[in-house]
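**Q**
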């Protein structure tokens, strides 16, 4: 990651875009969580393809979390507390 300062307008625009995407993603992840939690209780077992895909999703989410932490550190902000 390049640590050289950038034009403040570019940084603000990038952060604004990131915040928009993160906000939407948070909403989507919450909706996914709620839907799957409900289905897990009321529906028959999940298809094998859903089970096989879970590790890929977990890996991608971990990578996204790492990259978001890099942004926080680069901005000089305290890293957020990680959930176990």
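Numbering (our numbering), first residue to last: 2 to 85. We treat Cβ as the ideally placed atom computed from N, Cα and C, and that holds for glycine.
Quick check on the DSSP output: the alpha helix (DSSP H) that includes residue 33 runs from which residue to which?
**A** Taking the first residue of the chain shown as 1, we reach residue 33 at position 32. Element bounds for residue 33: 9-43.
**Q** Can you tell me which of the three DSSP states residue 69 falls into?
**A** Taking the chain shown and counting its residues from 1, one reaches residue 69 at position 68. Here residue 69 sits in helix by DSSP.
**Q** Roughly how many angstroms separate the alpha carbons of residue 22 and residue 30, rounded to a whole number?
**A** Position 21 of the chain shown holds residue 22. Position 29 of the chain shown holds residue 30. Those two C-alpha atoms are separated by around 12 Å.
**Q** Mapping the DSSP letters down to three states, classify residue 79 as helix, strand or coil.
**A** The count along the chain shown starts at 1 and reaches residue 79 at position 78. Note: residue 79 maps to coil in three-state DSSP.
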